[in-house]
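Visitor: Sending over a structure as structure tokens; questions will come in a sec.
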């Protein structure tokens, strides 16, 4: 996969606050995948974005793919303690191995 | 449960010993992947199989590591002469050919003392 930079590395919020994590690339991406890993758990596939400007929603989660296909974001509205974990964005340059970065670790204070 | 399973879930071994881990993918998935994850890092790709063929190995996979998928179903990952630096979570994932999403197992946590 192509190299993407994800920020922030850590985010601590109060329950009920919103949260956003961003992924940026210097090159055009063919697609972006998002995974979530709970503490002590394994990565779980959330979504894949392919089209320029694509926006997809899953309940309180909103995923966006930039118009230039060089950036992506994940926004969580009104965080809950169940949202705790590390969120990874991954550029799927090929449809096999995943190249994970460090992701964004979200902690939520109840 | 029809997800990816891994065995054992935890393994403690002494330096220099050999260990073997098993992964059972989702039954209809012909692709199987191994990753290694250390604390605070994302998983790192080690190798992957399409059916029984091992198609790519990472440079992270030294000669002490070997993986097999003899019948295109379950896979084993063996580490010979373990070192303390091998301590990590070893994750297995599977997918169907052409699908981007991978389904991960719970992992095997290896501790080398």
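Protein chains in written order, with my numbering: chain U, 1 to 110; chain P, 1001 to 1113.
Ideal Cβ positions, reconstructed from N, Cα and C, are used throughout, including at glycine.
Among P:1015, P:1097 and P:1035, which residue has its Cα nearest to the Cα of residue 1084 of chain P?
Guide: Of P:1015, P:1097 and P:1035, the residue nearest in Cα terms is P:1015.
Visitor: From which residue to which residue does the beta strand (DSSP E) around residue 1007 of chain P run?
Guide: 1005–1007 is the span of the beta strand (DSSP E), which, as asked, contains residue 1007 of chain P.
Visitor: Could you tell me the distance, in whole angstroms, from the CA atom of residue 12 of chain U to the CA atom of residue 61 of chain U?
Guide: Spanning the two alpha carbons is a distance of roughly 17 Å.
Visitor: So what does residue 24 of chain U bridge to, in DSSP terms?
Guide: Paired residues: U:5 and U:71.
Visitor: Residues of the segment 89–107 of chain U in Cβ contact with chain P at a cutoff of 8 Å, in chain order, please.
Guide: The segment 89–107 of chain U vs chain P, Cβ under 8 Å: 92, 95, 96, 97, 98, 99, 100, 101, 102 and 103.
Visitor: At what residues does the beta strand (DSSP E) containing residue 36 of chain U begin and finish?
Guide: Its beta strand (DSSP E) spans residues 32–37.
Visitor: When the cut-off is 9 Å and only beta carbons count, does residue 1008 of chain P lie next to chain U?
Guide: It does not: the Cβ of residue 1008 of chain P has no partner Cβ on chain U nearer than 9 Å.
Visitor: Where do the N-terminal and C-terminal ends of the beta strand (DSSP E) with residue 109 of chain U fall, by residue?
Guide: Where residue 109 of chain U is concerned, the enclosing beta strand (DSSP E) stretches over 104–109.
Visitor: Going along chain U, which residues have a C-beta under 8 Å from residue 1056 of chain P?
Guide: What residue 1056 of chain P touches in chain U: 96 and 97.
Visitor: Which whole-angstrom value describes the C-beta separation of residue 58 of chain U and residue 47 of chain U, a residue pair presumed to lie in contact below a C-beta threshold of 8 Å?
Guide: Confirmed, Cβ separation roughly 7 Å.
Visitor: In the DSSP output, which residue or residues are listed as bridge partners for residue 1068 of chain P?
Guide: Answer by DSSP bridge pairing, in chain order: P:1076.
Visitor: Give me the DSSP bridge partner(s) of residue 43 of chain U.
Guide: Partner(s): U:37.
Visitor: Does any C-beta atom of chain P lie closer than 9 Å to the C-beta of residue 44 of chain U?
Guide: So, interface residue.
Visitor: Is it the case that the segment 1018–1026 of chain P contacts the segment 66–75 of chain U, given that we only count it when at least three CB pairs across the two stretches are under 8 Å?
Guide: No, the segment 66–75 of chain U does not touch the segment 1018–1026 of chain P.
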